[in-house]
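In this note's numbering, the protein residues as written are 8 to 190. Note that beta-carbon positions come from the ideal geometry of N, C-alpha and C, so glycine has one too. Input: a single structure, listed below in structure tokens.
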Ligand SMILES: Cc1cc2nc3c(=O)[nH]c(=O)nc-3n(C[C@H](O)[C@H](O)[C@H](O)COP(=O)(O)O)c2cc1C
């Protein structure tokens with residue numbers, strides 16, 4: 008079971024990161040987990056040069072090249088996102104744009120997410136859903152949202168946040184076994 012855990016918030020130990028860590032605790036010990044902190048990466052969004060149409064790959068040689076490898080390697084991709092101005096943070100959006108050249112390569116991978124927002128997470132979730140469905144991934148999420156209520160709020164403001172994160176982790180593992188027929 009190969010898992011790419013993508014931390015999308017600029018805060019490496021923030022609310023969404025804590026939720027993703029809780030989800031990962033539900034994975035079996037033999038799961039191989041690659042943790043990808045986007046805030047540590049140096050990469051840009053798509054520049055729309057369309058070189059990839061001829062080349063078959065993206066020729067922007069930044070940290071996205073390693074991320075491509077991690078995403079294609081994984082059986083399960085799980086995202087942690089905060090909500091910033093009503094949507095995913097810019098690094099996560101840049102990652103999404105840059106996956107255009109790997110269309111088809113994420114097909115049938117199991118996808119999930121955890122989202123932390125002060126109050127407004129709908130568009131953030133929509134963006135994550137659209138991303139996974141455009142890639143024909145299997146959306147395995149059971150819906151882990153933290154409403155932190157105040158701008159500086161933490162997970163203590165939402166008693167279900169970590170519980171639902173763990174449920175999401177459990178569901179992704181369950182789907183993996185269902186699809187891969189492994190015990
Ligand atoms: C620049 C910025 C914009 C934000 N915009 C929103 C927003 O539109 N809606 C919302 O509910 N929360 C918004 N927030 C609050 C964060 O989503 C919330 O604090 C979240 O819990 C942070 O998660 P993190 O600790 O994983 O970064 C914003 C925070 C920042 C820094």
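Taking only heavy atoms of ligand 1 into account, decide whether any of them is closer than 6 angstroms to the Cβ of residue i.
i           : result
residue 172 : no
residue 118 : no
residue 30  : no
residue 133 : no
residue 164 : no
residue 106 : no
residue 155 : yes
residue 63  : no
residue 150 : no
residue 147 : no
residue 15  : no
residue 124 : yes
residue 44  : no
Starting from residue i, trace the alpha helix (DSSP H) in both directions and tell me its first and last residue.
i           : result
residue 181 : 168 to 187
residue 194 : Since the first and last residues shown for the chain are 8 and 190, residue 194 lies out of range.
To the nearest whole angstrom, what separates the beta carbons of residue i and residue j, a pair I think is in contact under 8 angstroms?
i           : j           : result
residue 154 : residue 173 : So it is not a contact: roughly 17 angstroms between Cβ atoms.
residue 149 : residue 120 : The Cβ separation is near 11 angstroms, so there is no contact.
residue 13  : residue 40  : Wrong, their Cβ atoms sit about 11 angstroms apart, outside the cutoff.
residue 83  : residue 179 : 5 angstroms
residue 134 : residue 165 : That belief does not hold up - the Cβ atoms of residue 134 and residue 165 are roughly 21 angstroms apart, past 8 angstroms.
residue 207 : residue 30  : Since the displayed the chain opens at 8 and closes at 190, residue 207 lies outside it and no answer follows.
Find the nearest neighbour of residue i within the set the options, judged by alpha-carbon distance.
i           : options           : result
residue 138 : 20, 32, 113       : 113
residue 202 : 144, 60, 130      : There is no way to answer for residue 202, as the model of the chain reaches only from 8 to 190.
residue 128 : 141, 156, 11      : 156
residue 57  : 175, 80, 122, 104 : 104
residue 16  : 99, 130, 31       : 99
residue 69  : 49, 188, 42       : 49
The beta strand (DSSP E) spanning residue i covers which residue range?
i           : result
residue 86  : 83 to 89
residue 39  : 39 to 44
residue 123 : 117 to 124
residue 9   : 9 to 14
Any 3 or more C-beta pairs closer than 8 angstroms across the stretch 93 to 112 and the stretch 52 to 69: Because the criterion of three Cβ pairs below 8 angstroms is met, the stretch 93 to 112 and the stretch 52 to 69 touch.
query: Between the stretch 79 to 94 and the stretch 20 to 30, do three or more beta carbon pairs fall short of 8 angstroms?
result: yes
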